[in-house]
Amino acid sequence: MQNQKYLFGHADSYNHDEVLLFLEAVRMSTPARKRLMRDFKRLQQDPPAGISGAPQDNNIMLWNAVIFGPDDTPWDGGTFKLTLQFIEDYPNKPPTVRFVSRMFHPNIYADGSICLDILQNQWSPIYDVAAILTSIQSLLCDPNPNSPANSEAARMFSENKREYNRRVRDIVEQSWTAD
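Note that full-length UniProt numbering gives residue 96 to position 96 of the sequence shown, counting from 1, and the numbers run on in steps of one.
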(Lines of atoms letter the chains of each structure in order from A and count residues from 1; the text may use other names and numbers.)
(Lines give C-alpha, C1' and ligand atoms only; values in the text may rest on other atoms or scores of the structure.)
Protein backbone atom coordinates (compact mmCIF):
# COMPACT_ATOMS: atom_id res chain seq x y z
CA MET A 1 0.00 0.00 0.00
CA GLN A 2 2.83 2.37 0.69
CA ASN A 3 3.89 2.51 -2.99
CA GLN A 4 0.38 2.68 -4.41
CA LYS A 5 0.11 5.43 -7.02
CA TYR A 6 -2.73 7.92 -7.06
CA LEU A 7 -3.81 10.43 -9.66
CA PHE A 8 -0.91 12.85 -9.11
CA GLY A 9 1.60 10.72 -7.21
CA HIS A 10 1.80 8.82 -3.95
CA ALA A 11 -0.91 9.18 -1.32
CA ASP A 12 1.59 10.25 1.32
CA SER A 13 2.75 13.15 -0.87
CA TYR A 14 -0.61 14.97 -0.76
CA ASN A 15 -1.16 17.72 1.74
CA HIS A 16 -4.53 19.02 2.85
CA ASP A 17 -4.36 22.19 0.70
CA GLU A 18 -3.54 20.23 -2.46
CA VAL A 19 -6.52 17.95 -1.89
CA LEU A 20 -8.80 20.96 -1.38
CA LEU A 21 -7.49 22.60 -4.56
CA PHE A 22 -8.06 19.39 -6.52
CA LEU A 23 -11.60 19.04 -5.17
CA GLU A 24 -12.31 22.68 -6.01
CA ALA A 25 -11.03 22.09 -9.56
CA VAL A 26 -13.41 19.15 -9.94
CA ARG A 27 -16.28 21.21 -8.54
CA MET A 28 -15.40 24.08 -10.88
CA SER A 29 -16.15 22.06 -13.96
CA THR A 30 -19.33 23.96 -14.89
CA PRO A 31 -19.21 25.89 -18.18
CA ALA A 32 -19.22 29.24 -16.34
CA ARG A 33 -16.31 28.25 -14.12
CA LYS A 34 -14.31 26.89 -17.05
CA ARG A 35 -14.90 30.12 -18.95
CA LEU A 36 -13.84 32.21 -15.93
CA MET A 37 -10.63 30.19 -15.61
CA ARG A 38 -9.96 30.87 -19.29
CA ASP A 39 -10.73 34.59 -18.79
CA PHE A 40 -8.33 34.67 -15.84
CA LYS A 41 -5.53 32.96 -17.78
CA ARG A 42 -5.97 35.39 -20.69
CA LEU A 43 -5.95 38.36 -18.32
CA GLN A 44 -2.72 37.11 -16.74
CA GLN A 45 -0.99 36.26 -20.02
CA ASP A 46 -1.97 39.38 -21.98
CA PRO A 47 -3.22 42.06 -19.59
CA PRO A 48 -4.64 45.19 -21.21
CA ALA A 49 -2.98 48.42 -20.08
CA GLY A 50 -4.39 49.92 -16.92
CA ILE A 51 -6.51 47.04 -15.65
CA SER A 52 -6.04 44.00 -13.47
CA GLY A 53 -8.36 41.45 -11.97
CA ALA A 54 -8.39 38.09 -10.24
CA PRO A 55 -10.81 35.79 -8.47
CA GLN A 56 -11.09 36.13 -4.72
CA ASP A 57 -9.55 33.32 -2.68
CA ASN A 58 -11.25 30.01 -3.44
CA ASN A 59 -14.15 31.62 -5.33
CA ILE A 60 -13.86 31.86 -9.10
CA MET A 61 -17.34 33.44 -9.22
CA LEU A 62 -16.32 36.58 -7.30
CA TRP A 63 -13.49 38.77 -8.57
CA ASN A 64 -11.63 41.82 -7.36
CA ALA A 65 -10.39 44.20 -10.02
CA VAL A 66 -8.52 47.47 -10.30
CA ILE A 67 -8.78 50.06 -13.04
CA PHE A 68 -6.07 52.69 -13.25
CA GLY A 69 -7.15 56.11 -14.46
CA PRO A 70 -6.12 56.62 -18.09
CA ASP A 71 -3.13 58.88 -18.73
CA ASP A 72 -3.71 62.50 -19.71
CA THR A 73 -7.29 62.54 -18.41
CA PRO A 74 -8.77 63.89 -15.16
CA TRP A 75 -8.74 60.25 -13.96
CA ASP A 76 -4.94 59.98 -14.47
CA GLY A 77 -3.20 58.57 -11.41
CA GLY A 78 -6.33 57.10 -9.85
CA THR A 79 -6.59 53.52 -8.63
CA PHE A 80 -10.20 52.37 -8.62
CA LYS A 81 -11.32 49.08 -7.09
CA LEU A 82 -14.25 47.03 -8.32
CA THR A 83 -15.95 43.71 -7.68
CA LEU A 84 -17.40 41.42 -10.32
CA GLN A 85 -19.99 38.84 -9.26
CA PHE A 86 -20.64 36.10 -11.80
CA ILE A 87 -23.55 33.67 -11.94
CA GLU A 88 -23.63 30.15 -13.36
CA ASP A 89 -25.25 31.55 -16.54
CA TYR A 90 -22.01 33.38 -17.43
CA PRO A 91 -21.05 34.02 -20.23
CA ASN A 92 -24.66 34.04 -21.40
CA LYS A 93 -25.50 36.62 -18.71
CA PRO A 94 -23.26 39.52 -17.63
CA PRO A 95 -21.69 39.80 -14.21
CA THR A 96 -22.80 42.34 -11.64
CA VAL A 97 -20.01 44.91 -11.52
CA ARG A 98 -19.64 47.56 -8.82
CA PHE A 99 -17.02 50.10 -7.93
CA VAL A 100 -15.85 49.69 -4.35
CA SER A 101 -13.94 52.96 -4.62
CA ARG A 102 -15.88 56.18 -4.22
CA MET A 103 -16.69 57.60 -7.66
CA PHE A 104 -18.07 60.79 -9.19
CA HIS A 105 -19.20 59.97 -12.71
CA PRO A 106 -22.37 60.45 -14.77
CA ASN A 107 -22.79 56.69 -15.34
CA ILE A 108 -21.95 55.36 -11.87
CA TYR A 109 -24.63 55.09 -9.18
CA ALA A 110 -23.99 55.99 -5.53
CA ASP A 111 -23.75 52.26 -4.66
CA GLY A 112 -21.00 51.79 -7.27
CA SER A 113 -23.22 50.10 -9.87
CA ILE A 114 -22.37 51.01 -13.45
CA CYS A 115 -24.75 52.12 -16.18
CA LEU A 116 -23.04 50.59 -19.21
CA ASP A 117 -24.84 49.02 -22.16
CA ILE A 118 -22.62 45.93 -22.36
CA LEU A 119 -23.48 45.10 -18.74
CA GLN A 120 -27.17 45.28 -19.58
CA ASN A 121 -29.07 45.13 -22.86
CA GLN A 122 -26.01 44.98 -25.15
CA TRP A 123 -24.35 42.04 -23.36
CA SER A 124 -22.85 39.31 -25.53
CA PRO A 125 -21.05 36.09 -24.53
CA ILE A 126 -18.08 37.25 -26.60
CA TYR A 127 -17.21 39.74 -23.84
CA ASP A 128 -14.66 38.43 -21.37
CA VAL A 129 -13.40 39.98 -18.14
CA ALA A 130 -10.69 41.95 -19.95
CA ALA A 131 -13.27 43.44 -22.35
CA ILE A 132 -15.58 44.34 -19.46
CA LEU A 133 -12.83 46.12 -17.52
CA THR A 134 -11.49 47.85 -20.62
CA SER A 135 -14.99 49.11 -21.46
CA ILE A 136 -15.41 50.47 -17.94
CA GLN A 137 -12.03 52.18 -18.15
CA SER A 138 -13.10 53.80 -21.44
CA LEU A 139 -16.38 54.90 -19.86
CA LEU A 140 -14.45 56.90 -17.26
CA CYS A 141 -13.15 59.25 -19.96
CA ASP A 142 -16.14 59.09 -22.26
CA PRO A 143 -19.30 59.25 -20.14
CA ASN A 144 -22.81 59.21 -21.52
CA PRO A 145 -24.59 62.15 -19.85
CA ASN A 146 -27.83 61.18 -21.65
CA SER A 147 -28.10 58.03 -19.52
CA PRO A 148 -27.22 59.38 -16.09
CA ALA A 149 -26.87 57.26 -13.00
CA ASN A 150 -25.59 60.34 -11.14
CA SER A 151 -27.59 63.37 -12.29
CA GLU A 152 -25.31 65.86 -10.51
CA ALA A 153 -22.22 64.48 -12.25
CA ALA A 154 -24.05 64.40 -15.60
CA ARG A 155 -25.19 68.02 -15.26
CA MET A 156 -21.73 69.15 -14.19
CA PHE A 157 -20.07 67.21 -17.03
CA SER A 158 -22.35 68.93 -19.56
CA GLU A 159 -22.54 72.42 -18.07
CA ASN A 160 -19.36 73.01 -16.04
CA LYS A 161 -16.54 70.75 -17.23
CA ARG A 162 -13.97 72.61 -15.12
CA GLU A 163 -15.84 71.89 -11.87
CA TYR A 164 -16.50 68.31 -13.00
CA ASN A 165 -12.78 67.76 -13.59
CA ARG A 166 -11.98 69.24 -10.17
CA ARG A 167 -14.40 66.81 -8.51
CA VAL A 168 -12.86 63.92 -10.45
CA ARG A 169 -9.37 64.98 -9.30
CA ASP A 170 -10.67 64.91 -5.69
CA ILE A 171 -11.86 61.33 -6.26
CA VAL A 172 -8.47 60.43 -7.75
CA GLU A 173 -6.70 61.77 -4.66
CA GLN A 174 -9.07 59.85 -2.39
CA SER A 175 -8.27 56.66 -4.32
CA TRP A 176 -4.65 56.89 -3.16
CA THR A 177 -5.56 56.47 0.49
CA ALA A 178 -8.72 54.34 0.32
CA ASP A 179 -8.51 50.73 1.41
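Beta carbons are placed, not taken as given, at the ideal position from N, Cα and C, and that holds for glycine.
Just to confirm, are residue i and residue j a CB contact at a threshold of 7 Å?
i: THR79; j: CYS141; result: no
i: PHE104; j: ARG167; result: yes
i: ALA51; j: GLN174; result: Per the sequence shown, the amino acid found at residue 51 is Ile instead of Ala. Contact flag unset, no.
Roughly how many angstroms lie between the CA atoms of residue i and residue j, to the nearest whole one?
i: SER151; j: SER101; result: 19 Å
i: residue 182; j: THR30; result: No information on residue 182 is available, as it lies outside the stretch 1 to 179 that the chain covers here.
i: ALA130; j: ALA49; result: 10 Å
i: GLU159; j: SER113; result: 24 Å
i: ASN107; j: THR177; result: 23 Å
i: LYS161; j: LYS41; result: 39 Å
Can you give me the Cβ contacts of residue i inside the same chain, cut-off strictly under 7 Å, excluding the 5 residues immediately before and after it?
i: SER135; result: LEU116 and ILE118
i: PHE86; result: ALA32, LEU36, MET61 and PRO95
i: LEU43; result: GLY53, VAL129 and ALA130
i: GLU88; result: THR30 and ALA32
i: PRO172; result: Here residue 172 turns out to be Val, not Pro, going by the sequence shown. So the list reads GLY69, TRP75, GLY77 and GLY78, once near-sequence residues are dropped.
i: ARG38; result: none
By Cβ distance, which residues of its chain are closer than 6 Å to residue i, with the 5 residues on each side in sequence left out?
i: TYR164; result: MET156 and PHE157
i: TYR109; result: ALA149
i: PRO145; result: PRO106, ALA154, PHE157 and SER158
At what residues does the alpha helix (DSSP H) containing residue i begin and finish?
i: VAL168; result: 161-177
i: VAL129; result: 129-141
i: LEU36; result: 31-45
Between residue i and residue j, how many whole angstroms is the CB-CB distance? I'm expecting something under 8 Å.
i: PRO125; j: PRO91; result: 4 Å
i: VAL97; j: LEU84; result: 5 Å
i: ASN64; j: LYS81; result: 7 Å
What residue does the beta strand (DSSP E) around residue i start on, and which one ends it?
i: LYS81; result: 79-85
i: ILE60; result: 59-68
i: PHE99; result: 96-99
i: GLN56; result: 51-56
Which same chain residues, not among the five before or five after residue i, have their C-beta less than 8 Å away from its C-beta?
i: LYS93; result: ILE87 and TRP123
i: GLN56; result: LEU62, TRP63 and ASN64
i: ASP111; result: ARG98
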